[in-house]
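From first to last, the protein sequence lines are chains A and B.
Quick note on the working numbering: the first sequence kicks off at 39 and runs consecutively.
Quick note on the working numbering: the second sequence kicks off at 39 and runs consecutively.
There are 2 protein chains.
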Amino acid sequence: MSAPDTAGALDGVIVLDLGQIYAGPYCTHLLRAMGATVIKIEPFGGEPIRWRSAGDVAGAAFLMLNAGKQGLRLDLKKPEGRELLLELARTADVLVENFADGVMERLDLGWDTLHTVAPRLVLASGRAFGDHPAAAGLRGMDVTVQAIAGVVTTTGPADGPPSKAGPAVVDFATGTHLAAAVLAALYQRERTGRGQHVEVAMQDAILPALTSNIAGYLEADGDFPERTGNRHGGLAVCPYNIYPALDGWIAILCLRPRHWTALCDLMDRPDLARDPALASPAGRVRDMDRIDDDVTRWTEQATTAWLFGRLQEADIPAAPVRSLGEVITDPILRDRGMLTEVGDGDRAATVLGSPVRMSASRPRPAAPAPLLGEDSADVLRERLGLTDADLDRLRRDEVI
Amino acid sequence: MSAPDTAGALDGVIVLDLGQIYAGPYCTHLLRAMGATVIKIEPFGGEPIRWRSAGDVAGAAFLMLNAGKQGLRLDLKKPEGRELLLELARTADVLVENFADGVMERLDLGWDTLHTVAPRLVLASGRAFGDHPAAAGLRGMDVTVQAIAGVVTTTGPADGPPSKAGPAVVDFATGTHLAAAVLAALYQRERTGRGQHVEVAMQDAILPALTSNIAGYLEADGDFPERTGNRHGGLAVCPYNIYPALDGWIAILCLRPRHWTALCDLMDRPDLARDPALASPAGRVRDMDRIDDDVTRWTEQATTAWLFGRLQEADIPAAPVRSLGEVITDPILRDRGMLTEVGDGDRAATVLGSPVRMSASRPRPAAPAPLLGEDSADVLRERLGLTDADLDRLRRDEVI
Numbered sequence: 039m040s041a042p043d044t045a046g047a048l049d050g051v052i053v054l055d056l057g058q059i060y061a062g063p064y065c066t067h068l069l070r071a072m073g074a075t076v077i078k079i080e081p082f083g084g085e086p087i088r089w090r091s092a093g094d095v096a097g098a099a100f101l102m103l104n105a106g107k108q109g110l111r112l113d114l115k116k117p118e119g120r121e122l123l124l125e126l127a128r129t130a131d132v133l134v135e136n137f138a139d140g141v142m143e144r145l146d147l148g149w150d151t152l153h154t155v156a157p158r159l160v161l162a163s164g165r166a167f168g169d170h171p172a173a174a175g176l177r178g179m180d181v182t183v184q185a186i187a188g189v190v191t192t193t194g195p196a197d198g199p200p201s202k203a204g205p206a207v208v209d210f211a212t213g214t215h216l217a218a219a220v221l222a223a224l225y226q227r228e229r230t231g232r233g234q235h236v237e238v239a240m241q242d243a244i245l246p247a248l249t250s251n252i253a254g255y256l257e258a259d260g261d262f263p264e265r266t267g268n269r270h271g272g273l274a275v276c277p278y279n280i281y282p283a284l285d286g287w288i289a290i291l292c293l294r295p296r297h298w299t300a301l302c303d304l305m306d307r308p309d310l311a312r313d314p315a316l317a318s319p320a321g322r323v324r325d326m327d328r329i330d331d332d333v334t335r336w337t338e339q340a341t342t343a344w345l346f347g348r349l350q351e352a353d354i355p356a357a358p359v360r361s362l363g364e365v366i367t368d369p370i371l372r373d374r375g376m377l378t379e380v381g382d383g384d385r386a387a388t389v390l391g392s393p394v395r396m397s398a399s400r401p402r403p404a405a406p407a408p409l410l411g412e413d414s415a416d417v418l419r420e421r422l423g424l425t426d427a428d429l430d431r432l433r434r435d436e437v438i
Numbered sequence: 039m040s041a042p043d044t045a046g047a048l049d050g051v052i053v054l055d056l057g058q059i060y061a062g063p064y065c066t067h068l069l070r071a072m073g074a075t076v077i078k079i080e081p082f083g084g085e086p087i088r089w090r091s092a093g094d095v096a097g098a099a100f101l102m103l104n105a106g107k108q109g110l111r112l113d114l115k116k117p118e119g120r121e122l123l124l125e126l127a128r129t130a131d132v133l134v135e136n137f138a139d140g141v142m143e144r145l146d147l148g149w150d151t152l153h154t155v156a157p158r159l160v161l162a163s164g165r166a167f168g169d170h171p172a173a174a175g176l177r178g179m180d181v182t183v184q185a186i187a188g189v190v191t192t193t194g195p196a197d198g199p200p201s202k203a204g205p206a207v208v209d210f211a212t213g214t215h216l217a218a219a220v221l222a223a224l225y226q227r228e229r230t231g232r233g234q235h236v237e238v239a240m241q242d243a244i245l246p247a248l249t250s251n252i253a254g255y256l257e258a259d260g261d262f263p264e265r266t267g268n269r270h271g272g273l274a275v276c277p278y279n280i281y282p283a284l285d286g287w288i289a290i291l292c293l294r295p296r297h298w299t300a301l302c303d304l305m306d307r308p309d310l311a312r313d314p315a316l317a318s319p320a321g322r323v324r325d326m327d328r329i330d331d332d333v334t335r336w337t338e339q340a341t342t343a344w345l346f347g348r349l350q351e352a353d354i355p356a357a358p359v360r361s362l363g364e365v366i367t368d369p370i371l372r373d374r375g376m377l378t379e380v381g382d383g384d385r386a387a388t389v390l391g392s393p394v395r396m397s398a399s400r401p402r403p404a405a406p407a408p409l410l411g412e413d414s415a416d417v418l419r420e421r422l423g424l425t426d427a428d429l430d431r432l433r434r435d436e437v438i
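So this is what it looks like as structure tokens:
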């Protein structure tokens, strides 16, 4: 892609971030990378993942996700704190929150209130199951939604217990959809001049990722294994597995006929390539166990590096299973700025980049996450015109 | 959320969809639900997942993801097919593709060409590792990127082999980020009047979901288990696990101190609530094995329904592990339109809804996925003014 030569896509867009843990903060992380100014608003104790469980040191997850945001400490339970939020909302474009159901209403900061006070504001809400009578009061966190929405039952060995996905796939799917929702609402506002309320439910956000699994289930009319181990979720592609190597594991799949014939060549198994029972995708699926055994006999005699090299040359989709240590030092991820070191001394931290690359939107430079309330005075002075005396009083009253 | 009372956010936006399998088609699925008109362009054989492996019947995954799109069959390798695509690009707003590296350039449809011909067009590209010299020619599919980017090493039992996540989390993370990228580019175009090239790499798109795992690794300076089974990815929260019940499994986590004391009450274990060693989050993390054993002794004597009811009443985050069959008949997902039945007879299909809810954007009604080339004539007549004679000739020359 050509070098960015203009400003950011969201230059001038002001985002109030009441997000916590992953979904909300990741949404605003994406918006910030596109050029938005993000004001992270936290209660006096900081948001739930600000501190490590061991004490008052900032947690690495918090630092990764909140880089470059401004930090405002604000007690929304105090009338004056709520009033300040509404004043900020009047001057802002977007407010992002992923509180539990009903929290915004209890703070008297529901959509009707916000829309009346700030008609151009886009309110973005991350929820567990969304606005639905049967979901009222139902809590959701990444792992519980993984369980209830089908991620856990489809993950793990076919003959063993169910497993969660290691990464927080539900929280991040929610945050990403929420960013798309905000952007669609900003685009629509260009025509209507008005904001709207956008909502993403965690359960909805992860469901589409189960398309293979659901399709397999529907095609087999329910006569279908819940978990398929490392095989294709719909049991519709073979070879498709993670095979043992001398020094680790390697994922290999043959989506197209030419991948299968190339793999037979590599394995020096013309008998398989010629076997009429294995000539069609459906035939290979029927003989899955035999094929996986044959591929395993080949992979287990070689290193992942050797296998990966040969498979790449043959243009067969494959990759070694890398460790976390290998991932976070990967030169491609590093060069693309997906993980960067910023700050000095106490403020030194590893921060995330953005997966969204835009040829005409300059990415915002990385900067450390804010200390709790670090920018409170600056934000209120610049955005609401508060004086030093106002700020002193708000501090004394423990509003900021 | 109040009832939608206006048009769609993307009304009037025309999207050309060269997407295949999941990432590209899911991106355009999201854009269609927001009001865009999506023209799905397929080669003569159909896109890779159009047909079931068993024959020429449309696959359920294809039907789920391509509902309500228009179907155009077009041979881009023929000069006239390419020319028609460029003419369509002149009248369109967005072109989405997730081909392997270099395919668009080989078709002479690279960014420079498209931008010259159609300066307002946004080109959205899904890639495996993105534009990087070391990634040139590297293939990526969902499971291989899960392997190389850290999903597989972090999924599965702590003492067992690595596992992929059951759902296609990489493909869908890519598609969702790509939709956000398109929307940001459309928003920026309101100011600049010009399109741009946006890109999302699969490896980048899934990395943020590993925030917990990477943070745990960084905080422990690398002295950290790759996989934590069903425990917290950063081993920073306890209780946090999927516990056995009489009739299945239940996920429970205690993020806040009050969750822990409420769980001790439910289990009728005042000794645990009073134990000073377990009073702090860090203390509970240190005694993880003991706590998990105690919780298991409680859960394994009850049904998931009973446990879920008690835990909900006590406001402790929890959920049963549901089967795929339970998920796809879930009343909340059904009422929210996340899965709907559309069409009659041969065209009957289950289709996905969109996780993005917008109070002022009416969702597009569901409709069956197009047959291969179903709308070829209509699209070319309406958008490019082709005559019946033109269309006959193009059919005869196997361009459409």
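Ideal placement from N, C-alpha and C gives every residue a C-beta, glycine not left out.
Can you have a look at residue i and say buried or exposed, based on whether 16 or more other CB atoms are within 10 angstroms of its CB?
i, result
"E420 (chain A)", "exposed"
"R434 (chain B)", "exposed"
"Q339 (chain A)", "exposed"
"R335 (chain A)", "exposed"
"G50 (chain A)", "exposed"
"T212 (chain B)", "buried"
"V95 (chain A)", "exposed"
"P63 (chain B)", "buried"
"P117 (chain B)", "exposed"
"A41 (chain B)", "Bear in mind that the predicted position of A41 (chain B) carries a pLDDT of just 43, short of 50, making it unreliable; the figure below should be weighed with that in mind. With fewer than 16 other Cβ atoms within 10 Å, it is exposed."
"P314 (chain B)", "exposed"
"T129 (chain B)", "exposed"
"E121 (chain B)", "exposed"
"R395 (chain A)", "buried"
"D139 (chain B)", "buried"
Would you please verify whether the beta carbon of residue i is less than 9 Å from any beta carbon of chain B?
i, result
"V183 (chain A)", "yes"
"N20 (chain A)", "Given a span of 39 to 438 for chain A in the structure shown, any question on residue 20 (chain A) remains unanswerable."
"Q339 (chain A)", "no"
"M39 (chain A)", "Because M39 (chain A) carries a pLDDT of 46, less than 50, the predicted location of this residue cannot be relied on, and the following value inherits that uncertainty. Closer than 9 Å to some Cβ of chain B, the Cβ of M39 (chain A) qualifies, so yes."
"V437 (chain A)", "no"
"A457 (chain A)", "Residue 457 (chain A) is absent from the model: chain A starts at 39 and stops at 438."
"T388 (chain A)", "yes"
"R385 (chain A)", "no"
"D353 (chain A)", "yes"
"I329 (chain A)", "no"
"A98 (chain A)", "yes"
Throw me the rounded Cβ distance for the residue i and residue j pair, which I believe falls under 8 Å.
i, j, result
"A99 (chain A)", "G73 (chain A)", "At roughly 24 Å, the Cβ-Cβ gap does not stay under 8 Å, so A99 (chain A) and G73 (chain A) are not in contact."
"I288 (chain B)", "P358 (chain B)", "5 Å"
"V236 (chain B)", "A219 (chain B)", "4 Å"
Report the neighbours of residue i on chain C: residues whose CB is nearer than 7 Å to its CB, in chain order.
i, result
"K202 (chain B)", "Here the protein chains are A and B, and chain C is not one of them."
Could you tell me whether any Cβ in chain A is nearer than 9 Å to the Cβ of residue i?
i, result
"I370 (chain B)", "yes"
"M142 (chain B)", "no"
"D373 (chain B)", "yes"
"V169 (chain B)", "In the sequence under discussion, the amino acid at residue 169 (chain B) is Asp, which differs from the Val named in the question. Yes, D169 (chain B) counts as interfacial toward chain A."
"E52 (chain B)", "In the sequence on display, residue 52 (chain B) carries Ile and not Glu. Not an interface residue."
"E80 (chain B)", "no"
"R88 (chain B)", "no"
"G84 (chain B)", "no"
Listed from N- to C-terminal order along the chain, which residues in the segment 204-225 of chain A have their beta-carbon within a distance smaller than 7 Å of any beta-carbon of chain B? G204, P205, A206, V207, F210, A211, T214, H215, A217, A218, A219, L221, A222, A223, L224 and Y225
Do three or more CB pairs link the segment 133-151 of chain B to the segment 196-207 of chain B at distances below 8 Å? no
Could you run through the segment 238-250 of chain A and flag, in chain order, every residue whose CB is less than 8 Å away from some CB of chain B? V238, A239, Q241, D242, A243, I244, L245, P246, A247, L248, T249 and S250
Closer than 7 Å, Cβ to Cβ, to anything on chain B: give me those residues from the segment 283-310 of chain A, in chain order. W287, A289, L291 and L293
Using 8 Å as the Cβ pair cut-off and three pairs as the minimum, do the segment 272-289 of chain A and the segment 178-194 of chain B touch? yes
Decide if the segment 224-232 of chain A is in contact with the segment 75-85 of chain B; the criterion is three or more beta carbon pairs, one per stretch, under 8 Å apart. no
Is the segment 263-278 of chain A touching the segment 291-299 of chain A in the sense that three or more CB pairs, one from each, lie closer than 8 Å? yes
Cβ-based contacts, 7 Å cut-off: residues of the segment 119-136 of chain B near chain A: none
Spell out a yes or no on whether the segment 237-246 of chain B and the segment 161-171 of chain B are touching, meaning 3 or more CB-CB pairs, one atom from each, closer than 8 Å. yes
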